[in-house]
Structures are given as structure tokens and as C-alpha cells.
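Before any comments, here is the structure.
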Amino acid sequence: MLKPEKMTKVVIVGTKDVLEQTTETLHRLNLFHITDYDGSESGFKIGKPHTIASKLSEHLVSLRSISTQLNLSEKSSTEGMVSAKELPSMIESNLSQLEEEVSNRQDAIRAAEAELKTQQDLEGAIKPLAALPLSLEDYTGYESIRVFVGFIDNDIEDVIRAETSQYELYTGSFEGRGTIAVAVPVEKEVEINKILQNESTYMELRPPKLEGRPKSFLGGIKNKKEELSARLTELESERERIKKDYAEFILSSEEYLTIETQKAEAPLKFATSENSFVADGWIPVDRYDELERTLSETAGGNIYVSKLEVGEEEIEDVPIALSNPKVAKPFELLVNTFATPKYKEIDPSILLFITFPLFYGLMLGDIGYGVLLIFLSWIIMSKVKSGGLHELSIILLYSAFSTIFFGIIYGEVFGLPLFNLMHHGVVETGILAINGPHIGMLHLPVHRFAAVQPLLAMTFVVGILHVTLGLLIGFRNVSVEHGIKHAVLEKLCWLLILFGGIMAIVPAMPAIMGSATMDTQDPIFRGGIVLVIIGLILLIKGEGPIAIMEIPTLLSNIFSYARLLAIGLSSAGIALAVNTICKDVLFAQGGVFIAVGILVLILGHTINLLLGIIGPGLHSLRLQYVEFFTKFYEGGGTEYDPFGFIRKYTEE
Amino acid sequence: MVAAEAAGLVAIGAGLAVGLTGIGAAIGEQSIGSAAIGVMAEDPGFFGKGLLMTVIPESIVIFGLVVSLILLFVY
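Read top to bottom, the protein sequences are chains A and B. Positions 1 to 652 (our numbering) are the ones given, in order, by the first sequence. Positions 1 to 75 (our numbering) are the ones given, in order, by the second sequence.
Written out as C-alpha cells, the structure is:
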């Protein structure tokens, strides 16, 4: 919690005859994060991959190409595991045959599709010509005559006649447009072409070089098209059949081959001499004993495992395994999306677990939307069992609960008031038709439209607290990494400026608003000014005068939290608008308008809910990334990626 | 009469604060958005980061909104 898991550096030295067993064991344990050997030590060379590696990767390439061609996706549920022992013989006997079968099908499908396209093009070219009283051979093949064919909407016979008396003109109509065929002597070709091109509705057609009446072709083309479509459906269903029959084989062999390739290529990461090998890497401290015990059990006396002290200069290389309670785990995704923390840095996942849903709820704050979001996240969770989307849906679930909580405080259900509401002296009856209860100082509901001022002030308080927390963590990070002096110069100065500024501005507020005169003797005001000056001196000492430019950023960071209110106001505003349109405008008319009203109601709230997922989600995250993380977080660690594989389709 | 006029001017000011900042943010988001889509076309994994970068100029509208809220409710 708050810190990445403690790691230790491990060196494994063994004789070459146990190399294979050791790789096997390490892979099964899935614990050891291998540091690649860079070949810099004299006497040790980078290991050679196992001879089988190239064959395995060849198989893997064919398998992956098959699964792409079949458009095979990972199954969400698996029916039992395939034994890894049976797979090598199955791969040998099935793979090449399967590959041929799939690629033949694929070729046939492609050929049929191409042929279908040709027939469609031909049909498209012939159909308009069927309206004209000419055969297909009439259009081409002359030496002294040029035939123009095309769509045209206006009569241009007069224009042509003015150019030449030697012409033949045929017209027809196709799908509401006129068609035209004009035959003219070759010497008039240019002029007639010009006339046609000047006619804006003219679109030239290119008759295919065939003989016979257009109509006689159309029947044949239609039959051929039907034949091809049928063949295509048949081929596709065959492909589906192959996909279904071989899905398990393909997925499990792919997994098996991936694992075997990993193992066979592992020596590439090791340092090897003539008779021995050395593997260097990292492992969580509390798993070290397990690793040592298992390795010596499998390799006997031919292996030596040892724990090394982590030197100061090696801190940068430690792989990072985030360690958080299960409830906060999903938020590691958000932290890693930004950057993986460094070994000595605070891991903010657990803080996001609190503040992300908090901000989300503050923004959306509606019981109705909250309940819908619980359903939505539950649906996603039950459909997607693992991966980023699953974790996002858990985050959405937390956020939904927070949304309901703030929905109760704001007293809103789909934008309608939950409790009775006083607004401009008029009482609006709420859904529960009761007055809101008093809880301590708080008088529910705190309606967002009615309480803009206090809520705006609250967002600034939230902002100041959040930014302060960020600066405090920053102080801790810098003092751990570079010492307390740097921490004071880099982070404490900002805290002084922030709080000095608040102390100076709050007493001056009435004067700024013009309602009172300024009391410059106020000790709080004076204390604030002093703090700001001390902070400024430290800041300039630490980062140079240019850092003064950064001060407005602090102000804008805190103003930025006004979005907690702003996003909520806009979402509540849309809900209110939808409700008003339906209730006061459409439902009041009665009759068919009630149906329209229901439609508007559903559509409006659906859109608002979608905006309500995207808006608060992104803005809550943005407050974390931009306002909070920048105060302390550097990141840049390497993620802990142990040598191994989590099997999904195969078992040993 | 004067009070009503003043209230009207405040409302116009509030509207301008949101509207003009909205235009500003839109201009900013336009270029970031197209760059983000370009990156996403290369690597869909950048969806999250791209989306995040795209909404960063929206702060300006928030500032505008704060100004307009202060004008309408506080001033």
C-alpha cells in the first residue's frame, strides 16, 4: 500500500546441464523478472537459444496467420484444458494440413468475391443500355463513326443538328434518367464531345465489348450472381465450421507454442560461459525462499541461488510490482496508464481509490443515474471477466455508489427533486413529497441550482486540500530521493505560497468585492503576506527567478476544481431540460404527444447518462493526472514482468 | 430601469464569458484532437492518453464558467 512491493536482486548460477530444468522451473514459478545480460563481462557470452526455438516460432507464425484468416478471437469461457503433453504430436500431424485447408478456402472465397464484383460491374454497365434500341456490338468497332453513350436529362438534338446533319440519335430512359446514344462521323467527334461535356447532366457510359442484345445478357448475369452468392455462403459456412472445429486446437497450440518459445529463447537473456550460466534478476522479497527451495529441489547441487543487496545506483532498475489491497487494485490501471511509479515513489493507487469516485460522485450526483450505472457496470463485469475493461467496470461501480450518495445530498433523481424544494419562493414538490431532513449542520437537499455559491466555495476547498496532499507527497518523495533540503526548496515553498496566499486573500475578500474597506493591520493577512514572501525566496533559491512564472499555474490548478460543480450543473441542466420539455410541453398536450414525450424522455436521459459517464470520468481523471500527479509524481519505473505465463487453454 | 439594464449587461457578460472561452477551447481541442486520432490510427492503445490530452483545453471553459457564475450569483 502506497509503496511498490519490496524487491530483492537475485543471481542464479548453475552448470549448463541443469539449464533446461532451471528455465522450466523458473517459467512454472512465474516469479523471476530476468534482467537481460548485455554481454559486457569478459568470459561470459549471451546464451544461445535452444535449437528447437526456430521451428517453434515457425509453427507459431503459421498458427497466428491461420487464426487471423479465421478471424478467431479469444473465447471468453473455455471448456476444459488441453493437456500440453498431447499437443506436440497434434501440431505435427494437423498444422500443415490445417494451414493448407484454411488458405485454400480463403483463396476460393477471395476468387468468388472478385468474380461477383466483376459480374456486378458488368450488370451495372449493361442495365442502362437495355433501354436503348441497339445491340452491344453497335457501339464500337467502326473506323469512321464514333458513338457517344451516356445519361442525359435534357434534349440536345437541336444543338447537335446545328453542328452536323450527319448523325443518328437514340434515346431511352432508365430509373428516371434519360439515356442517349449518338453516332456521328469521326471528323465531328471533337465538336460533339464538347457539346456533350458542356451539358451538365451528361454522364458518359462505357459499353462492354460484347455482342448481342443487352437484355439477353441480363438474365445470364443474374443467374451467375445467384450462383456465386450461394457458393460464397457455402464457403463461408465451411470456414465457420473449420473455425468451430479447430478453435480449441488453435488457441491451445498457440498458447503451448508461445510458452515453449519463451522457454527455448530464455538463454538469450542469460550470461553463459563454456560450462555454466548466470541469470540475473529480481523477485519480491517475501517470495525469495520459495524460489530458492524449488530451484535447489529440481537441480540439486548443481545450482547456486543468492540474494544480493540492492545498491543505490541500481534503484532505477528495480522492476515495479504495485501492491495494493484488492479493493484498490483496479486503480493501478489508471496509475500505470499515466506512468509506472519509480521504486522509491509513493504509489497513488489507494488515493485514487478514494478521490476518483469522490470527484465522480460530486460531479454526477444523481440517484437515478447512479442506479443505472450500477446495472451497467454489473453487466460489463459479468460479460468481461478480466483485463482493462473489467477493471474499469469495477471503478465505474465504485463511482456509481458515490453518485448515489451525492444524489441523496443533492436530492436528485433523473433531474427531478427528491425532497420538496424551495426555489424563488415557490415550493416544488419532490418525489418523496417531504421536506429534506437535517443532518447536523447540513440541511438536505443541497440543490445545485440553488446553492451555487456555497458549492463553488466547496470546490475550491476540495481543490486546496487535494493540491496540498499532492505537495505533501511530493515533499516526501523529494526528501527520500534527494534529501530534505531539496524537498524544502522544491515543495515546501509551494505550500507556503499556497497557504500564505489563502491567508492573505480570505480577509481581503470583502474589500475586493467592494463591500468593506481593507484592514491591513489584520494579523492573519500580514502573516499570509510573510509566508508568501518566505515561500517566494525559497522558490527563487531552489529553481531560479523563472519559477515565478509558475505561480499562476497554482491558481489555475485550484480554479480547475470548479469543474466539480460545472460538470454537475451541466448534467443536471440537461436532465432538467429533458424533464421540462416532456412534462410541461409534451405531456400537457395529451394524445400522441405523450408517446413522443416518452421517446424524448428515454432518448434525452440516455444521452445524458452517456455524457455522464464520459464527462465526470474524464474530468475526475484529469484532476488526478494534471492537478494532483504533477505535484509529486515522476514515474518511469519498469513494470515487474516475471518470466512465465498464465495458462488459459493448456495444462501441464 | 438602470438596475434592470445593469442586470442585463451582467447576463450578457456571463454569456460572453462562457461562449468565448468555449470557442477558445474548441480551437485548442481541434488540433489536439486530430493529432490524437492520428496517433490512435497507428496504435489504438493511445486511446486513453489521446482522449485525456484532448480534454485538457476544456479548463479554459471552466474558468469562463467560474467567471460567469461569479457574475450571476456573487457579484
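Even glycine gets a Cβ: it sits at the ideal position worked out from N, Cα and C.
Item: Name the two residues that bound the continuous alpha helix (DSSP H) containing Y170/A.; Value: Taken as a continuous stretch (DSSP letters only), Y170/A belongs to no alpha helix (DSSP H), being part of the beta strand (DSSP E) at 168-174.
Item: Does V446/A have its Cβ less than 8 angstroms from a Cβ in chain B?; Value: no
Item: What did DSSP end up calling F643/A once you bin it into helix, strand or coil?; Value: coil
Item: Would you mind telling me which residues of chain A sit closer than 7 angstroms to V10/B, beta carbon to beta carbon, in chain order?; Value: Simply none; closest approach about 14 angstroms.
Item: Can you find a C-beta in chain B that's less than 8 angstroms from the C-beta of A562/A?; Value: yes
Item: Do you know offhand how far K631/A's Cα is from G527/A's?; Value: 25 angstroms
Item: Find the residues of chain B that neighbour V467/A, judging by a C-beta separation of less than 9 angstroms, and give them in chain order.; Value: Going along chain B, no residue has its Cβ under 9 angstroms from V467/A, so there is no contact; the nearest lies around 14 angstroms.
Item: Kindly indicate if chain B contains any beta-carbon less than 8 angstroms away from that of Y625/A.; Value: yes
Item: Against V452/A, what residues of chain B qualify as contacts under a CB-to-CB distance less than 9 angstroms, listed in chain order?; Value: L69, L72, F73, V74
Item: Run through DSSP, which three-state label would A271/A get?; Value: strand
Item: Say yes only if the C-beta of Q97/A is nearer than 7 angstroms to one or more non-hydrogen atoms of the ligand COA, and no if none qualify.; Value: With respect to the ligand COA, the structure offers nothing, as it holds no ligand at all.
Item: Using 8 angstroms as the limit for Cβ to Cβ distance, is Y633/A near chain B?; Value: no
Item: Answer yes or no: do R396/A and L373/A have a C-beta to C-beta separation smaller than 8 angstroms?; Value: Strictly speaking, residue 396/A in this sequence is Leu, with Arg absent from that position. It is a contact, given that the beta carbons lie within the stated cut-off.
Item: Taking only beta-carbon atoms, is R622/A less than 8 angstroms away from chain B?; Value: yes
Item: Using a Cβ-Cβ cutoff of less than 6 angstroms, which residues in the same chain neighbour V159/A once the five nearest sequence positions on both sides are dropped?; Value: I195
Item: Applying the 10 Å Cβ sphere with the 16-neighbour rule, what's the burial state of A487/A?; Value: buried
Item: In terms of DSSP beta bridges, what is K307/A paired with?; Value: V10/A
Item: What are the boundary residues of the beta strand (DSSP E) that H423/A is part of?; Value: 421-423
Item: Name the residue from A247/A, F174/A, I221/A whose alpha carbon lies nearest to the alpha carbon of S73/A.; Value: A247/A
Item: Would you be able to state if there are at least three C-beta pairs under 8 angstroms between the segment 593-603 of chain A and the segment 451-465 of chain A?; Value: no
Item: Mind pulling the chain A residues with CB within less than 9 angstroms of L20/B?; Value: In chain order: nothing, as chain A lies at least about 16 angstroms away.
Item: If we count Cβ pairs, one from each stretch, closer than 8 angstroms, do we get three or more for the segment 16-30 of chain B versus the segment 58-74 of chain B?; Value: yes
Item: Select from E412/A, T429/A, F414/A the residue whose C-alpha is nearest the C-alpha of N420/A.; Value: T429/A
Item: Under a three-way DSSP split, which group does S276/A fall into?; Value: strand
Item: Mind checking if V2/B is an interface residue toward chain A, Cβ cutoff 8 angstroms exclusive?; Value: no
Item: What did DSSP end up calling G411/A once you bin it into helix, strand or coil?; Value: coil
Item: Which partner residues of H443/A appear in the DSSP bridge assignment?; Value: H438/A
Item: Against F559/A, what residues of chain B qualify as contacts under a CB-to-CB distance less than 9 angstroms, listed in chain order?; Value: S59, I62, F63, V66
Item: Check the Cβ of I56/B against every Cβ in chain A and list those closer than 9 angstroms, keeping chain order.; Value: R622, V626
Item: Buried or exposed: which applies to I607/A, given that a residue is buried once 16 or more other Cβ atoms fall within 10 Å of its Cβ?; Value: exposed
Item: How long is the line joining the alpha carbons of G411/A and G568/A, rounded to whole angstroms?; Value: 13 angstroms
Item: May I ask you to report which of helix, strand or coil DSSP gives S382/A?; Value: helix
Item: Evaluate contact between the segment 346-354 of chain A and the segment 366-383 of chain A, counting only Cβ atoms and requiring at least three cross-stretch pairs below 8 angstroms.; Value: no
Item: With DSSP as the reference, please indicate the residues paired to M203/A in a beta bridge.; Value: F151/A
Item: Measuring only between beta-carbons, confirm whether L16/B sits less than 8 angstroms from chain A.; Value: no
Item: For a test of the three-state rule: what should DSSP assign to T650/A, helix, strand or coil?; Value: strand
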